[in-house]
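Numbering (the working numbering), first residue to last: 3 to 253.
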């Protein structure tokens, strides 16, 4: 297989046309005709993930978050991004990044999140392709929080004490979509990051913050499954170093 063949397959799964205007998904580092026998999957391309790719002989890293984001006027070892790009190029490791297109895609980040917390009758909202809405048998907020924390393996922040039955989810930093979820009849909304004013605007409705990493990381296993099925001869692994970089201190 080549980088180009794998990239084409990923674009079939998560078309670039689904990406938001600000985004930078795609084939971002490497040579498109380079041969690939082994792929490493991660949420972010960190120095640890690059080192793991080199150690395991992976010629390609597929990540969710783009290694190049925003204007880059130079690539040097003076910046975090520059160091990582230089390290990839020196090691002959290519990078493909599927970001907001993978959020919106069927079977992408938000479908994985909805399925992981056990929602049924999952639907995509026509006017907001990132948002997934599903249902559970009516339960208390306390019991639902325990269920979500166990599913994500994460600590949660929340507000609201209402019964839970219709739930909206968007992984990552999507607190601004809470109002959209509630306007579509959700009693509860889950995302990765919520800003202070968004907590205030919740006005006692059920709002849950599960962490950026925890709400998006489940898609890595789905990408592994897809690439392994599409290219049976390809070695595909989720990086062991694909870890949450945030720690928590409890008073």
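From the three backbone atoms N, C-alpha and C, an ideal C-beta is built for every residue, glycine too.
At least 8 Å separates the beta-carbon of residue 188 from that of residue 206. Per DSSP, the unbroken beta strand (DSSP E) holding residue 159 starts and ends at 159-161. For the pair residue 89 and residue 95, the Cα-to-Cα distance works out to about 8 Å.
Residue 37 and residue 20 have their C-alpha atoms roughly 28 Å apart.
For residue 153, the enclosing alpha helix (DSSP H) has its first and last residue at 143-154. When DSSP assignments are scanned along the segment 81-149, the uninterrupted stretches of beta strand (DSSP E) that are 3 or more residues long and fall wholly within it turn out to be 96-99, 122-127 and 130-141. Scanning 203, 193 and 251 for the CA closest to the CA of residue 132 turns up 193.
Counting along the chain, residue 210 sits inside the beta strand (DSSP E) bounded by residues 208-211. Sixteen is the threshold: since fewer than 16 other Cβ atoms of the shown chains lie within 10 Å of the Cβ of residue 74, the residue is exposed. Between residue 102 and residue 173, the C-beta gap is not smaller than 8 Å, which leaves the two residues out of contact. Each of 233, 142, 52 and 212 was checked against the Cα of residue 42, and the nearest Cα belongs to 52. Taking all protein chains shown into account, residue 142 has fewer than 16 neighbouring C-beta atoms within 10 Å of its C-beta and is therefore exposed. The secondary-structure analysis by DSSP pairs residue 238 across a beta bridge with 41.
Nearest neighbour of residue 204 by Cα position, chosen from 191, 215 and 212, turns out to be 191. Using a C-beta cut-off of 8 Å, the segment 230-237 makes no contact with the segment 177-188, since fewer than three inter-stretch Cβ pairs fall below that distance. When DSSP reads this structure, residue 24 sits in no beta bridge, so it has no partner. Residue 69 is bridged by DSSP to nothing; it lacks a bridge partner.
With at least 16 other beta carbons inside 10 angstroms of its own, residue 68 counts as buried. Ranking 182, 40, 242 and 104 by CA distance to the CA of residue 13 puts 104 first.
At the C-beta level, residue 98 and residue 87 stay beyond 8 Å of one another. Around the C-beta of residue 244, 16 or more other C-beta atoms lie within 10 Å, and the residue is accordingly described as buried. Comparing C-alpha distances from residue 242 to each of 24, 11, 17 and 46 shows the shortest one belongs to 46.
Excluding the 5 residues flanking it on each side, residue 118 has same chain C-beta neighbours closer than 6 Å at 153 and 220, in chain order.
The bridge partners DSSP lists for residue 168 are 137.
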